[in-house]
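Please read the structure below before turning to the comments.
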């Protein structure tokens, strides 16, 4: 299995139906020919598809400069948009990273947390971390508010007065749109320390912005594989062969089910998917406004929170279950548990089979007992390649569903 697979329970549309094929192909061709609403914002997709080894080299060069200055703690000035896209990737790839303490530590100053929280965090950190270990990274797709610009000025004034004007700027890096670069004109940062994000990168479909990719690269992600995963998935996800296009299939299933069941529980069977589900459900809610409501949750962790809710609201609910096929497992036997505690001896690979039993149990309960319409989305593994495919899947399914509803997917 090297692609995202889609299975349905209690609902199964016929994607060989001629009228459905005609409608789907009309939307897909309309997007390709730039005839549908919002086509001007598809630049985010073109940017990703144009990533090559040559035009990602600037990302690696910037990270090499950070390593050159022996930065151990990175002060990151950003907002929710970039912070959340980064956390999607971090959770999927490095949720339980045993080497986290050996890598550059991130300290986020998030504009959306408010000025008081940012000041409190800076006050706490400034005397704990030596200037020699600190680097500064400003990353955003969106223009900062004036109060946050003033906060950035305060931080830099503090370090420049104590440690020197140029010494501070040498360890300062940008990954911003041009409009934000103009806001930061009080910082004379070296050109080699800057990356300007193209203005056609849409804020809501911005996982592949340079700021996010740089942060993932610092943590050890193979960003080339993430990009390749997106590109490979696009072969099917922009295809007008509906039998291969699982992104369109999922979009159409949601479009039909929502007419009767307006609440979509996006359930993940792994903690690696938690941030992805939360952010995806927010984007879906923003695009479709009051037509439906989606929320993300992790099973079995939140079974007690949402279990009864699902049973009590079966008439209004449908489920999308996201599952990782070959999930990385970090469990180990401890001194408190030995093989003699079990009826039969087990090895570590058995834990994967137990996880699969849990997944099957969730499907069985919702399918046979609650009789809820279910879409099961299976991701091949927890690799960078699969992460790229997953982002491609959710972005294009939202775009297709929007056009099925005659809604612009890029306008809130």
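In my numbering, the protein residues as written are 33 to 444.
In this text, a Cβ means the ideal position worked out from N, Cα and C, and glycines have one as well.
Rounded to whole angstroms, the gap between the alpha carbons of residue 104 and residue 96 is 13 Å. Take the alpha-carbon of residue 201 and the one of residue 137: they are about 19 Å apart. The region 69-87 and the region 230-244 touch, with three or more beta-carbon pairs separated by less than 8 Å. If you look at residue 47, you'll find it isn't in any alpha helix (DSSP H); DSSP assigns it neither H nor E. Between residue 406 and residue 351, the CB-CB gap stays under 7 Å. Rounded to whole angstroms, the Cβ separation of residue 120 and residue 311 is 6 Å, and the two are in contact under 8 Å. Scanning 321, 139 and 297 for the CA closest to the CA of residue 328 turns up 297.
By the criterion of a C-beta distance shorter than 6 Å, residue 422 is surrounded in its chain by 411, once the five residues flanking it on both sides are discounted. Fewer than three beta-carbon pairs drawn from the region 217-224 and the region 241-255 are found closer than 8 Å, and the two stretches are therefore not classed as touching. For residue 413, the enclosing beta strand (DSSP E) starts and ends at 406-413.
Under DSSP, residue 167 takes part in a beta bridge, and its partners are 106. Here residue 281 is buried. Its C-beta has 16 or more other C-beta atoms within 10 Å. Runs of the alpha helix (DSSP H) spanning 4 or more residues and lying entirely within the region 129-182 occur at 147-157, in chain order. The alpha carbon of residue 189 has as its nearest neighbour, out of 48, 219 and 140, the alpha carbon of 219.
The secondary-structure analysis by DSSP pairs residue 350 across a beta bridge with 296.
The beta carbon of residue 79 is closer than 8 Å to those of 230, 232, 233 and 240 in its chain, skipping five residues each way along the sequence. C-alpha of residue 313 to C-alpha of residue 134: approximately 33 Å in a straight line. Taking 7 Å as the cut-off, the beta carbon of residue 349 is found closer than this to the beta carbon of residue 404. In the structure shown, the three-state DSSP call for residue 238 is coil. Taken atom to atom, the span from the alpha-carbon of residue 141 to that of residue 306 is near 22 Å. The C-beta distance from residue 279 to residue 429 rounds to 5 Å, short enough to meet the 8 Å contact threshold. The closest CA to that of residue 247, considering only 260, 106 and 152, is found on 106.
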